[in-house]
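So the sequences go chain by chain: A and B.
Note that the numbering used here has the first sequence beginning at 724, numbered continuously upward.
Note that the numbering used here has the second sequence beginning at 583, numbered continuously upward.
Note sheet for the following structure.
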Amino acid sequence: MIRFEKMWAIARKEFSEFRRNRYVLLTLVLMPMVMTILLPIVYLVPITTLSAENTTPVQLTFNTQNTYEGMTFSNGYYTNTSFKDCVLDNVILDGCQVNGGYLNYSLVRNSEVSNSSMQSTTLYFSNLNGDTRIDVVLVSSVIIGGQSDRVGTLLLLINVLMLMFMLIPAVLPTIIASYTLVGEKINKSLEPLLATPTTDLELLGGKSLSIFVPTMLASWLSFIPFVVLVDLITKPVLGYVILPNLLWVVAIFVMCPLIAALSILSNVIVSSRVSDVRSAQQLGSLVILPVILFFVLILTQSAATSVSLMALFSVVLLGIDALVLYVALKVFRREEILIRWK
Amino acid sequence: MELTRKFERTVAVEDLTITINDGEVFGFLGPNGAGKTTTIRMLCCLIEPTSGQAFVDGMDVRDKDSRIKIRQNVGLLPENPGLYESLSAYQNLEFYARMYGVPAAKRSGRITELLQALDILDRKDDAVGSFSKGMKQKIAIARALVHDPKYLFLDEPTSGLDPVSSLTVRNYLMELKREGRTIFINTHHLDEAQRLCDRIGILKTRLLAQGSPEHLANEFFGKTTMVELNAVTPETLRVVESSKGVKAFRQDGNKLYLTIDDPATDNPAIVAQLVRSGAGIIHVEEVKKGLEDVYLRIVGGDSK
């Protein structure tokens, strides 16, 4: 049976020590401030100050003479033609309508391209609607439907900010743990603590709680000004209040605690092998880095950051947490701490 | 019983069998690395024995369920005070009082009582980091006593302290002894052990000897009487050799060191024989061997 009062006594003692540790206090305040106030301003404000795109369509008249569907064309010049779900490669189009399909390495003039995937293509005096574009040059052309570049960039950057936000619960424990665990080791205060009538699990729980509580408080409290700031910056462009939304709620209330737990337990393992605070911080950050990198890569590569994807990540993270907890429990045993903790 | 602890290839403690009675002060003497700290750690359930058994308050230290109960009844002063330096003396003790489950209503009174007894009550709200080594040791002793344990384990309680601090700590330990608390002390200070301990164990991985300081001196040196003469003649030596009470003797100039069984009966008889033989006796005294002599004889080194 785990006695919560023992765990809480350890956590309370740690909080008293944090209050006297300027470095921990500054980290708890400054890091969330950078992530939730400075970064939104730096990332989002420049995008919102760009002038809005011209959304008046180019006046076009079509005199369609041929219609093709589901065919492949390359190295040709086509006028007054309608293509539906075709693959067009290295072609020149004039006065054409393209709907669906692919358009690669081509020149397009006085045409309308809808719902297509374009790559390395230049468009003159044309209208675009709901396309995916890679390396596309627009000259006197207008995006009349779908997402504008400015809105798309803002939404992408808000996703990036989500990742930055998740660094708070990942990094704060490395700083705090370096003091609560390695600090006790340096101070040689672990032995009398281990001599108290507590179980290993209660000691690990108490230590973890003392790191988890300030980490989550800093994360969640900083989410409030973050939401206000992001909404203030983006509402004029988006036309609606984007935060909080379900995706962010999952990220903040499910992913963040799981990341914090992972970081705390990783730092317990790191602390058993190092004997100074700086090494603990550096190694602790290194341990958490691959995990964060993994999520960054997945999220940035993923076209749609959805709630279901986040839920899936959460489940994966829960599994990793369980694994790291198992290792931490092996390391955090009285005998191990007294004999092997260097 | 036959307590053994190995660390990979090193044997720290081997086949240790001792019994410490309630209310007794037992001291462990031994060189560095003799296994004294390892023994305390095993008895406080911090590490497990490799083999053998140990019981504290009748409970087996190897039994998982008993370990927490044993730790509840035990107060430990480790080699390093290991206090939380940014916290005050009071906060340090309050934290441990909570950890040992001292009821909230009794906590403050108990802490105040201990700080007063150790003469540091006026500094209770100061950060421990600002304290001298001696004061820190006092706080660490108070910490070991905060839950009023039945058994007290002290690992080098006066190590590294200046003479005044050592004396204060030693006097306090004497008070605890008078209270009838069972105390187990690891020490390098032979004088401290001689003054504080009812019984002593000399450890060098294995228990080499145990008993009261007097018992150990008698066991290893017997009882010795020194007779100083104005001159030692062959006749004098013949008388000593033939004397019934003398088991062995050694000459050092005009002094004779006689190993005897019972000074009360043997000394008058030997003196009478010497006087009859015409020896000129200047001085007769019983030679007391101290713990230092015993320790050096057992652990290694010369002893007179």
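Ideal Cβ placement from N, Cα and C applies to all residues, glycine included.
Pairing CB atoms from the stretch 610 to 630 of chain B with CB atoms from the stretch 699 to 710 of chain B, are three or more of them under 8 Å?
no
Can you tell me which of the three DSSP states Asp923 of chain A falls into?
Here residue 923 of chain A refers to the residue found at position 200 when the first sequence is read from its first residue. Helix at Asp923 of chain A.
Buried versus exposed call for Asp875 of chain B [16 or more other C-beta atoms within 10 Å across all chains shown]
Locating residue 875 of chain B in the second sequence gives position 293, counting from the first residue. Looking at its Cβ environment, which holds 16 or more other Cβ atoms inside 10 Å, Asp875 of chain B is buried.
For Val821 of chain A versus Ser840 of chain A, is the C-beta spacing smaller than 7 Å?
Stepping through the first sequence from its first residue, residue 821 of chain A is reached at position 98. Stepping through the first sequence from its first residue, residue 840 of chain A is reached at position 117. Taking 7 Å as the Cβ cut-off, Val821 of chain A and Ser840 of chain A do not qualify as a contacting pair.
Chain A within 7 Å of Arg680 of chain B, Cβ atoms only
Counted from its first residue, the second sequence places residue 680 of chain B at position 98. Any Cβ of chain A closer than 7 Å to the Cβ of Arg680 of chain B would place that residue at the interface, and such an atom is present.
Using a Cβ cut-off of 7 Å (strictly closer), state whether Arg1057 of chain A contacts chain B.
In the first sequence, counting from the first residue as 1, residue 1057 of chain A sits at position 334. Yes, because at least one Cβ of chain B sits closer than 7 Å to the Cβ of Arg1057 of chain A.
For Ser648 of chain B, which residues from the same chain have a beta carbon less than 6 Å from its beta carbon, with the 5 sequence-adjacent residues on both sides left out?
As a working note, residue 648 of chain B is residue 66 in the second sequence. So the qualifying residues of the chain are Met641 and Asp642.
Outcome for Phe741 of chain A when other beta-carbon atoms lying within 10 angstroms are tallied against a minimum of 16
As a working note, residue 741 of chain A is residue 18 in the first sequence. In the assembly as shown, Phe741 of chain A is a buried residue. Its beta-carbon has 16 or more other beta-carbons within 10 Å.
Shorter than 7 Å from the beta carbon of Pro967 of chain A to some beta carbon of chain B?
The residue you call residue 967 of chain A lines up with position 244 of the first sequence. No, its Cβ sits nowhere closer than 7 Å to a Cβ of chain B.
Going by other Cβ atoms of all chains shown within 10 Å of its Cβ, with 16 needed for buried, is Val747 of chain A buried or exposed?
One-based indexing of the first sequence puts residue 747 of chain A at position 24. With 16 or more Cβ atoms within 10 Å of its Cβ, Val747 of chain A is classed as buried.
Where does Ile880 of chain B sit, in a helix, a strand or coil, going by DSSP?
Position 298 of the second sequence holds residue 880 of chain B. In the three-state reduction of the DSSP assignment, Ile880 of chain B falls in the helix class.
Please report how far the alpha carbon of Leu696 of chain B lies from the alpha carbon of Leu916 of chain A, in whole angstroms.
Looking up residue 696 of chain B in the second sequence gives position 114. Looking up residue 916 of chain A in the first sequence gives position 193. Each residue's alpha carbon lies about 19 Å from the other.
Looking only at its chain, what residues have a beta carbon closer than 8 Å to the beta carbon of Lys1053 of chain A, apart from the 5 residues adjacent to it on each side?
Taking the first sequence and counting its residues from 1, one reaches residue 1053 of chain A at position 330. Closer than 8 Å at the Cβ level, and outside the excluded window around Lys1053 of chain A, lie Glu1059.
Suppose you measure from the CA of Asn827 of chain A to the CA of Leu783 of chain A; what does that come to, to the nearest Å?
The sequence position of residue 827 of chain A within the first sequence is 104, counting from 1. The sequence position of residue 783 of chain A within the first sequence is 60, counting from 1. About 22 Å.
Thr919 of chain A burial status per 10 Å Cβ neighbour count (16 or more: buried)
The sequence position of residue 919 of chain A within the first sequence is 196, counting from 1. Per the 10 Å Cβ criterion, buried.
First and last residue of the uninterrupted beta strand (DSSP E) at His729 of chain B
Position 147 of the second sequence, counted from the start, is the residue given in the question as residue 729 of chain B. For His729 of chain B, there is no enclosing beta strand (DSSP E), as DSSP marks it with neither H nor E.
Output, in chain order, the set of chain A residues within a Cβ distance shorter than 8 Å of Ile650 of chain B.
Translated into the one-based positions of the second sequence, residue 650 of chain B becomes position 68. Those within 8 Å of Ile650 of chain B in chain A are Pro920, Thr921 and Thr922.
Which whole-angstrom value is the C-beta distance of Ile1011 of chain A and Ser986 of chain A, which I expect to be below 8 Å?
Reading the first sequence from its first residue, position 288 is the one you call residue 1011 of chain A. Reading the first sequence from its first residue, position 263 is the one you call residue 986 of chain A. The beta-carbon separation of Ile1011 of chain A and Ser986 of chain A, rounded to 5 Å, stays under the 8 Å limit for a contact.
Extract the residue ranges of the beta strand (DSSP E) inside the stretch 678 to 730 of chain B, only unbroken runs of 3 or more that lie entirely within it.
The qualifying runs do not exist here; there are none.
Since Glu695 of chain B meets chain A, which of its residues come closer than 7 Å, beta carbon to beta carbon?
Along the second sequence, one-based indexing puts residue 695 of chain B at 113. Within 7 Å Cβ-Cβ: nothing; Glu695 of chain B doesn't reach chain A, min ~20 Å.
For a contact defined as C-beta to C-beta under 9 Å, what are the partners of Phe766 of chain B on chain A?
Stepping through the second sequence from its first residue, residue 766 of chain B is reached at position 184. What Phe766 of chain B touches in chain A: nothing, since even the nearest Cβ is about 13 Å away.
Would you please verify whether the beta carbon of Pro769 of chain A is less than 7 Å from any beta carbon of chain B?
As a working mapping, residue 769 of chain A is identified with position 46 in the first sequence. Contact with chain B is absent for Pro769 of chain A, since none of that chain's Cβ atoms lies less than 7 Å from the residue's Cβ.
Whether Leu988 of chain A touches Ala941 of chain A by CB criterion (7 Å):
As a working mapping, residue 988 of chain A is identified with position 265 in the first sequence. As a working mapping, residue 941 of chain A is identified with position 218 in the first sequence. Not a contact, by the Cβ cut-off of 7 Å.
Short CB-CB distance (under 7 Å) between Phe677 of chain B and chain A
By one-based count along the second sequence, residue 677 of chain B stands at place 95. Yes, because at least one Cβ of chain A sits closer than 7 Å to the Cβ of Phe677 of chain B.
Determine which residues share a DSSP beta bridge with Glu740 of chain A and list them.
Position 17 of the first sequence, counting from 1, holds the residue named residue 740 of chain A. Answer is none; Glu740 of chain A lacks a bridge partner.
Which residues share a DSSP beta bridge with Gln792 of chain B?
Translated into positions along the second sequence, residue 792 of chain B becomes position 210. In DSSP, Gln792 of chain B forms a bridge with B:Gly783.
Helix, strand or coil: which one does DSSP assign to Ala813 of chain B?
Taking the second sequence and counting its residues from 1, the one referred to as residue 813 of chain B is at position 231. Reduced to three states, the DSSP call for Ala813 of chain B is coil.
Any beta carbon from chain A within less than 7 Å of Pro660 of chain B's own beta carbon?
For the purposes of this step, residue 660 of chain B is taken as the residue at position 78 of the second sequence. Closer than 7 Å: yes.
Limits of the unbroken beta strand (DSSP E) element including Ile767 of chain B:
As a first step, residue 767 of chain B must be located in the second sequence, where it is residue number 185. Start and end: Thr764 to Thr769.
Closer than 7 Å to chain B by CB, Lys736 of chain A:
For the purposes of this step, residue 736 of chain A is taken as residue 13 along the first sequence, with counting starting at 1. Chain B, which has a Cβ nearer than 7 Å to the Cβ of Lys736 of chain A, makes this yes.
As assigned by DSSP and simplified to three states, the class of Tyr825 of chain A:
By 1-based counting over the first sequence, the position of residue 825 of chain A is 102. Reduced to three states, the DSSP call for Tyr825 of chain A is strand.
At a Cβ cut of 9 Å, what residues of the stretch 954 to 982 of chain A count as close to chain B, listed as they run along the chain?
none
Indicate whether the contact test is met: 3 or more Cβ pairs, each with one atom in the stretch 813 to 824 of chain B and one in the stretch 858 to 867 of chain B, closer than 8 Å.
yes
Does the beta carbon of Ala732 of chain A sit closer than 7 Å to a beta carbon anywhere in chain B?
Numbered from its first residue, the first sequence carries residue 732 of chain A at position 9. Yes, because at least one Cβ of chain B sits closer than 7 Å to the Cβ of Ala732 of chain A.
Between which residues of its own chain and Thr921 of chain A is the CB-CB distance below 7 Å, once the five residues before and five after are set aside?
Mapped onto the first sequence, residue 921 of chain A falls at position 198. If the five residues before and after Thr921 of chain A are omitted, its C-beta is found closer than 7 Å to the C-beta atoms of Lys729, all from its own chain and listed in chain order.
In angstroms with no decimal places, state the Cα-to-Cα distance between Lys588 of chain B and Arg1057 of chain A.
Translated into the one-based positions of the second sequence, residue 588 of chain B becomes position 6. Translated into the one-based positions of the first sequence, residue 1057 of chain A becomes position 334. Between Lys588 of chain B and Arg1057 of chain A, the alpha-carbon positions lie close to 16 Å from each other.
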